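**Q**
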Amino acid sequence: MLNRRDFMKLGLGACLLPAVGVSRAEAVVSEEMYVFGTLVGVDVLSRNTDAARAAIADVSHRFTQQNRDWHAWKPGALGDLNRALAGGHTHEVAPDLLPLLHQARELARASGGLFNPAIGRLVGLWGFHHDTLPVGAPPHAAAVAELVAAAPSMDDLVFDGRRVGSRNPHVQIDLGGHAKGVALNQALDRLAALGHGNALVNLGGNLAVSGSHGDRPWHIGIRHPQGEGAIASLAVSGRMAVVTSGTYERYRQDGDKRYPHIIDPRSGQPAMHVVSATVLHPDAARADVAATALVVAGSTAWPEVARKLGVNDVMIVDEAGRVQLTPGMAARVHFAEPPASVKTVEIT
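Note that the working numbering has the sequence shown beginning at 1, numbered continuously upward.
#1: Out of curiosity, what's the CA-to-CA distance linking Val333 and Ala84?
#2: Which one of Thr326, Gly204, Asp80, Asp174 has the shortest CA to CA distance from Arg163?
#3: Tell me whether Ser153 is buried or exposed, calling it buried when 16 or more other Cβ atoms sit within 10 Å of its Cβ.
#4: Going by C-alpha distance, which of His213, Tyr251, Gln186 is nearest Ala199?
#5: Which two residues bound the contiguous alpha helix (DSSP H) that contains Leu147?
#6: Is the beta carbon of Arg62 less than 9 Å from the beta carbon of Ala183?
#7: Any beta carbon from chain E within less than 9 Å of Leu125's own beta carbon?
#8: Please give the ranges of any beta strand (DSSP E) in the region 200-253, keeping only runs that are unbroken, at least 3 residues long and fully inside the region.
#9: Under 8 Å: do the region 122-137 and the region 252-265 share three or more Cβ pairs, one atom per stretch?
#10: In the DSSP assignment, what residue or residues form a beta bridge with Gln172?
#11: Do the region 109-118 and the region 165-184 touch if we need at least three Cβ pairs shorter than 8 Å?
#12: Going by C-alpha distance, which of Thr38, Gly37, Glu337, Ala54 is nearest Val29?
#13: Going by DSSP in three states, Arg167 sits in which element: helix, strand or coil?
#14: Would you identify the three-state DSSP class for Phe159, choosing helix, strand or coil?
#15: Measure the CB-CB distance between Val275 and Thr247 and report whether it falls below 9 Å.
#16: In its own chain, which residues sit with a C-beta less than 7 Å from the C-beta of Ala94, not counting the 5 before and 5 after it?
#17: Which same chain residues, not among the five before or five after Ser179, have their C-beta less than 6 Å away from its C-beta?
#18: With distance defined between alpha-carbon atoms, name the residue in Ala86, Asp288, Ala271, Asn48 nearest to Ala104.
#19: Bridge partners for Ala27 per DSSP, in chain order?
#20: How long is the line joining the alpha carbons of Gly328 and Val345, rounded to whole angstroms?
#21: State the Cα-Cα distance for the pair Gly37 and Ala340, rounded to the nearest angstrom.
#22: In angstroms with no decimal places, state the Cα-to-Cα distance between Pro282 and Leu157.
#23: Count the other C-beta atoms from every protein chain shown that fall within 10 angstroms of the C-beta of Lys260, then say buried if there are 16 or more, exposed otherwise.
#24: What does the alpha-carbon distance come out to for the pair Trp218 and Pro169?
#25: Could you work out which residue in Asp318, Ile220, Phe335, Ala291 is closest to Asn312 when comparing CA atoms only?
#26: By the three-class DSSP mapping on this structure, what secondary structure does Thr278 have?
#27: Distance check for Gly124 and Ala72, CA to CA, integer angstroms please.
#28: Does the Cβ of Thr372 have 16 or more other Cβ atoms within 10 Å, making it buried, or fewer, making it exposed?
#29: Which whole-angstrom value is the C-beta distance of Ala209 and Val236, which I expect to be below 8 Å?
#30: Across which residues does DSSP place Lys180 in a beta bridge pair?
#31: In or out: Arg167 buried (at least 16 other Cβ within 10 Å) or exposed?
#32: Provide the residue(s) that pair with Asp318 in DSSP beta bridges, ordered along the chain.
#33: I need the straight-line Cα distance from Ala27 to Ser46, nearest angstrom please.
#34: When DSSP builds the beta bridges, which residues end up paired with Val35?
#35: So, with DSSP's three-state summary, where would you put Val342?
#36: When DSSP labels each residue in this structure, what does Ile262 get in the three-state scheme?
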């Protein structure tokens with residue numbers, strides 16, 4: 001398995017190589033930090049390295065604050081809301097959290113409920129509300145069935161200005177399939193506001209870029225979900241996110257059986273059949289949500305979910321190693337080695 005630094009190099013490899021295509025007056029300034037439970041890297045192409053480092057430090061500080069405020073089970077703004085909802089109370093949420101809740105609700109609707117941040121109790125029941133990976137037998141079927149029957153959803157939330165309540169006491173908000181995408185968007189926005197329009201941000205393998213890497217695009221590696229290194233790479237420029245959700249990094253281990261951390265809200269069980277979904281989209285938050293929802297949708301239903309979420313560039317890898325791509329993604333991606341099975345799928 002790749003360690004954190006290897007995983008970082010997979011995503012940022014081209015940026016860490018000698019700066020081919022970068023003028024002598026420019027340099028790539030790179031910094032790494034550990035936040036959101038993962039290694040985060042920021043690359044900025046700049047003529048002023050001191051200003052670039054200051055901008056990266058600003059973004060790093062914001063990441064730390066976001067991680068605290070948006071964390072589902074630790075003290076912070078979202079944790080405070082969840083505790084209030086569990087007690088049947090309303091809560092006045094922080095100004096930066098409110099738009100996330102509204103956006104998450106709209107994207108949950110668009111996904112047909114396959115992206116459902118309201119199932120935090122189910123996620124916790126499976127043991128994924130801890131910093132370490134859970135081990136041992138899965139939760140009792142009756143406990144899972146009870147939470148599934150309660151059908152918590154983002155539509156249970158009641159908004160009154162900044163005050164938020166819930167009609168369903170089983171709602172617990174977990175923005176794990178959304179918050180990193182929002183953080184990526186805000187990081188690029190902040191870097192641009194500080195005068196750095198050529199940048200790459202890697203949040204644990206979820207990447208967003210702006211501008212270019214000198215006179216060439218940014219080159220991104222997509223992690224192989226069933227092996228070492230990258231399954232494919234692609235070149236991107238302008239404002240674009242490349243987000244991958246997979247079943248290979250966080251899981252519950254019970255003997256030789258693995259239960260992935262992505263939970264299907266319909267069954268309360270881990271999504272097993274799609275091992276990796278990669279989405280390319282200018283909006284990192286939408287790409288983040290879509291990648292999660294497509295893993296849940298499975299290897300036959302994902303095209304309809306992608307269409308509803310408005311994402312056109314998608315790559316799916318199933319448990320047998322078969323690859324499906326949309327035409328847009330097929331035109332961009334370059335495989336390290338030809339997969340045993342590749343199929344192009346229209347979603348419109």
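Built from N, CA and C at the ideal position, the CB exists for glycine as well.
The structure presented is a predicted model; accordingly, all values stated were derived computationally and were not measured.
**A** Reading it off the structure:
#1: Reading the sequence shown from its first residue, position 333 is the one you call residue 333. Reading the sequence shown from its first residue, position 84 is the one you call residue 84. The alpha-carbon of Val333 is positioned some 46 Å away from that of Ala84.
#2: Within the sequence shown, the letter at position 163 stands for residue 163. With distances taken between Cα atoms, Arg163 lies closest to Asp80.
#3: In the sequence shown, the residue the question calls residue 153 occupies position 153. Under this definition Ser153 is a buried residue.
#4: Reading the sequence shown from its first residue, position 199 is the one you call residue 199. Minimum Cα distance to Ala199 is reached at His213.
#5: Counted from its first residue, the sequence shown places residue 147 at position 147. In the DSSP annotation of this structure, the continuous segment of the alpha helix (DSSP H) that includes Leu147 starts and ends at 141-150.
#6: Here residue 62 is taken as the residue at index 62 of the sequence shown, counted from 1. Here residue 183 is taken as the residue at index 183 of the sequence shown, counted from 1. Arg62 places its beta carbon less than 9 Å from that of Ala183.
#7: Judged by its chain identifiers, the structure shown contains no chain E, having just a single protein chain.
#8: Segments of the beta strand (DSSP E) lying fully in the region 200-253: 206-210, 218-223, 230-236, 240-246.
#9: Taking a cut-off of 8 Å on C-beta distances, the region 122-137 touches the region 252-265, as three or more cross pairs fall below it.
#10: Position 172 of the sequence shown, counting from 1, holds the residue named residue 172. In the DSSP assignment, Gln172 is bridged to Ile119.
#11: Per the Cβ contact rule, the region 109-118 is in contact with the region 165-184 (3 or more Cβ pairs under 8 Å).
#12: Counted from its first residue, the sequence shown places residue 29 at position 29. The shortest C-alpha separation from Val29 is found at Ala54.
#13: Here residue 167 refers to the residue found at position 167 of the sequence shown. Three-state DSSP puts Arg167 in coil, outside helix and strand.
#14: To locate residue 159, count along the sequence shown from 1; it is residue 159. Collapsing the DSSP output to three states places Phe159 in a strand.
#15: Counting from one through the sequence shown, the residue named residue 275 turns up at place 275. Counting from one through the sequence shown, the residue named residue 247 turns up at place 247. Taking a C-beta distance under 9 Å as the contact criterion, Val275 and Thr247 qualify as a contact pair.
#16: As a first step, residue 94 must be located in the sequence shown, where it is residue number 94. These residues qualify, in order along the chain: Asp69, Ala77.
#17: For the purposes of this step, residue 179 is identified with residue 179 of the sequence shown, where counting begins at 1. The amino acid occupying residue 179 in the given sequence is Ala; Ser does not appear at that position. Contacts found: Trp70.
#18: Reading the sequence shown from its first residue, position 104 is the one you call residue 104. Of the listed residues, the one whose Cα sits closest to Ala104 is Asp288.
#19: By 1-based counting over the sequence shown, the position of residue 27 is 27. Under DSSP, Ala27 forms a beta bridge with Ser46.
#20: Position 328 of the sequence shown, counted from the first residue, corresponds to residue 328. Position 345 of the sequence shown, counted from the first residue, corresponds to residue 345. Straight through space, the alpha carbons of Val345 and Gly328 are spaced by roughly 10 Å.
#21: Residue 37 sits at position 37 when you count from the first residue of the sequence shown. Residue 340 sits at position 340 when you count from the first residue of the sequence shown. Roughly 34 Å between the two C-alpha positions.
#22: As a position in the sequence shown, residue 282 is number 282, starting the count at 1. As a position in the sequence shown, residue 157 is number 157, starting the count at 1. Their backbone Cα atoms lie some 28 Å apart in a straight line.
#23: By one-based count along the sequence shown, residue 260 stands at place 260. In the sequence under discussion, the amino acid at residue 260 is Pro, which differs from the Lys named in the question. If you draw a 10 Å sphere on the C-beta of Pro260, you find 16 or more other C-beta atoms in it, and that means buried.
#24: Counting from 1 along the sequence shown, the entry for residue 218 is found at position 218. Counting from 1 along the sequence shown, the entry for residue 169 is found at position 169. Inter-residue distance for Trp218 and Pro169 is about 46 Å (C-alpha atoms, whole angstroms).
#25: As a working mapping, residue 312 is identified with position 312 in the sequence shown. When Asp318, Ile220, Phe335, Ala291 are compared, the shortest CA-CA separation from Asn312 is found for Ala291.
#26: If you number the sequence shown from 1, residue 278 lands on position 278. The answer is strand: DSSP assigns Thr278 an E or B state.
#27: Position 72 of the sequence shown, counted from the first residue, corresponds to residue 72. Position 124 of the sequence shown, counted from the first residue, corresponds to residue 124. C-alpha separation (whole angstroms): 10 Å.
#28: Residue 372 lies beyond the stretch modelled for the chain, which goes from 1 to 348, so this question has no answer here.
#29: Position 209 of the sequence shown, counted from the start, is the residue given in the question as residue 209. Position 236 of the sequence shown, counted from the start, is the residue given in the question as residue 236. The sequence as given places Val at residue 209; Ala does not occur at that position. Taking 8 Å as the upper bound for CB-CB distance, Val209 and Val236 are in contact here, some 6 Å apart.
#30: Stepping through the sequence shown from its first residue, residue 180 is reached at position 180. Paired residue(s): none; Lys180 is not in a bridge.
#31: Locating residue 167 in the sequence shown gives position 167, counting from the first residue. When all chains shown are included, Arg167 counts as exposed.
#32: If you number the sequence shown from 1, residue 318 lands on position 318. Answer is Val274, bridged to Asp318.
#33: Numbered from 1 along the sequence shown, position 27 holds the residue referred to as residue 27. Numbered from 1 along the sequence shown, position 46 holds the residue referred to as residue 46. Rounded to the nearest angstrom, the two C-alpha atoms are 6 Å apart.
#34: If you number the sequence shown from 1, residue 35 lands on position 35. Under DSSP, the beta-bridge partners assigned to Val35 are Thr38.
#35: On the sequence shown, residue 342 is found 342 positions in, with the first residue counted as 1. Strand, per DSSP.
#36: For this step, residue 262 is matched to residue 262 along the sequence shown. The three-state reading of DSSP puts Ile262 in coil, since its state is none of H, G, I, E or B.
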